[in-house]
Every structure is written in structure tokens, then in C-alpha cells.
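Chemist: In the numbering used here, the protein residues as written are 8 to 233.
Using N, Cα and C, we set each Cβ at its ideal position, and we do this for glycine too.
Keep in mind it's a predicted model, so treat the numbers as computed, not measured.
The structure under discussion is supplied below as C-alpha cells; questions concerning it will follow.
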Ligand SMILES: C[S@@+](CC[C@H](N)C(=O)[O-])C[C@H]1O[C@@H](n2cnc3c(N)ncnc32)[C@H](O)[C@@H]1O
């Protein structure tokens with residue numbers, strides 16, 4: 008079905024879970040990722056530290072928050088938490104009335120940072136998160152783009168190590184199945200992707216895909232972190 012606010016479904020030559028995924032995950036389990044950190048994201052993370060300490064609240068991460076609307080919704084849904092929205096895109100975050108980052112509104116705070124550095128620093132700082140959202144990550148649908156998908160990226164063990172309830176939502180079944188497969192491999196128990204019915208969209212991409220008639224999927228897992 009095509010609707011007014013039209014968006015194309017994900018197209019890929021891939022027919023199922025990528026055959027290289029399991030081998031990559033094995034490699035990531037055996038050795039830590041050592042690529043240098045991104046300096047501006049380190050400075051951004053440093054500026055966030057005092058806010059997190061002062062808040063004394065459990066944390067919710069909205070990883071890849073785009074224009075930040077989902078962070079605001081999550082802050083309403085979790086009023087006793089500090090909800091941190093992180094995105095690397097100045098253009099997307101520029102839709103907020105922020106004069107600088109970190110930018111706070113009540114129990115929400117937004118940060119401009121690259122997640123591949125942010126997750127590693129959060130882990131090194133010993134953070135644990137209560138809820139962790141990855142809403143509609145870029146799908147990277149070409150088979151050759153596998154390692155750009157979060158569950159096939161070397162940073163994946165670091166984001167899982169933050170613990171809590173992790174929820175990934177997307178509009179591509181293969182991404183959802185791969186994500187569930189990767190989480191299962193790390194946590195050592197079966198996790199399945201589920202169909203998602205959305206009444207109140209949590210984010211702009213969720214609204215766009217729902218209004219375009221796409222099937223939506225979610226993968227939810229719980230872990231105590233490492
Ligand atoms: C498809 S958009 C989804 C935005 C939002 N979550 C939503 O559902 O409306 C993916 C977002 O992930 C962000 N992103 C991709 N790679 C990132 C990275 N390495 N670090 C931080 N943000 C990243 C992009 O800038 C973009 O805003």
C-alpha cells in the first residue's frame with residue numbers, strides 16, 4: 008500500500024540472515040574493538056558526565072534519536088529517569104531549540120556524538136542503563152554493507168554490555184531477524200523478532216513508515232550488562 012506520506016519499503020538482494028553474520032559475531036566475542044575514539048564525541052561525553060551524576064536517576068538511552076522527538080516522548084513516559092538522546096547529525100538535532108549540546112529539557116538531555124564512541128565511553132565509565140532504544144536505525148540493505156548494521160558492527164558488544172532492556176525497532180524483517188540472532192548469540196538464549204502494531208508513533212520514522220503501510224518489527228531483550 009502506498010500512502011500520502013509515502014516511503015519506500017526496504018529492498019535488498021538478501022533473502023535471509025547474512026551468511027557472514029555468525030562469523031563476525033564470533034570474532035567480536037573473541038577480541039575487543041580497538042579503533043580510535045572520535046575526539047569531538049569524547050568531549051561531548053565529558054560534558055554530559057556531570058549532568059548524569061547530578062541527576063541521580065536511572066538512565067534511558069535513545070540511540071540515534073534523529074530530531075529528538077522520541078527522546079521527549081520517552082522522557083514523558085519515564086518521568087523518574089534521565090533520558091539521553093544521542094545523534095551524530097547536526098542537521099537532525101538542529102530541529103531542537105538547542106543553543107549548545109548537551110541540551111536539557113526537564114528529564115531529557117540531547118547530545119551530539121557518534122555512537123561508536125559514545126557506547127564505548129559509557130561502558131568504560133561503568134554506566135548501566137535501564138532502557139535502551141534503537142529506533143529505526145539505517146538499514147544498510149546491500150549485502151556488502153553488513154558491517155554498517157549495528158548488530159554486525161564491532162561496537163555491538165559494547166552497546167549490549169550497557170545492560171537493561173534493549174529495544175530495536177525497524178521496518179525490514181531481515182534486519183530484525185539478524186538483530187535477534189546477534190543478541191541471542193551474545194546472551195546465550197533465544198530472542199525472536201516480533202511484529203509491532205503502533206497506535207502512537209514514538210518517532211518521526213515510525214510515523215512515516217506506519218503511515219506508508221509498512222510492516223514494523225521489534226526486538227526486545229533484557230540483560231544485566233557486563
Ligand atoms: C533512520 S534515522 C532514525 C531517527 C529516529 N530514531 C527516528 O526513528 O525517527 C537514523 C538516525 O541514526 C543516526 N545515526 C546513524 N549513525 C550514527 C552514529 N554512528 N552515531 C550517532 N547517530 C547515528 C542518524 O544521524 C539518524 O538520525
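Just list the alpha helix (DSSP H) runs in the segment 17–102, keeping only unbroken ones of 4 residues or longer that don't cross its boundaries, in chain order.
Modeler: Runs of the alpha helix (DSSP H) inside the segment 17–102: 28–37, 46–62, 76–84 and 97–100.
Chemist: Evaluate the contact criterion for the segment 19–33 versus the segment 102–112: three or more CB pairs, one atom per stretch, below 8 Å.
Modeler: The segment 19–33 is not in contact with the segment 102–112.
Chemist: Here's a check: name, in chain order, each residue in its chain whose Cβ is nearer than 7 Å to the Cβ of residue 99, leaving out the five neighbours to either side.
Modeler: Here the set comprises 73 and 74.
Chemist: For residue 193, tell me which candidate among 42, 19 and 36 has the shortest Cα-Cα distance.
Modeler: When only C-alpha atoms are compared, the closest one is 36.
Chemist: For ligand 1, is there any heavy atom lying closer than 7 Å to the beta carbon of residue 49?
Modeler: Residue 49 Cβ: outside cutoff for every heavy atom of ligand 1.
Chemist: Here's the rule I'm using: 16 or more other beta-carbon atoms within 10 Å means buried, otherwise exposed. How should residue 177 be labelled?
Modeler: Classification of residue 177: buried, given that the 10 Å Cβ count is 16 or more.
Chemist: Are there any heavy atoms of ligand 1 lying less than 7 Å away from the beta-carbon of residue 96, as far as the coordinates show?
Modeler: The answer is yes for residue 96.
Chemist: Spatial neighbours of residue 228 within its chain, please: C-beta separation below 7 Å, excluding the five flanking residues on both sides.
Modeler: Closer than 7 Å at Cβ, skipping near neighbours: 173, 190, 194 and 198.
Chemist: Looking only at DSSP bridge pairs, what is residue 171 linked to?
Modeler: 230.
Chemist: Can you name the start and end residues of the beta strand (DSSP E) that residue 138 belongs to?
Modeler: Segment 138–142, the beta strand (DSSP E) holding residue 138.
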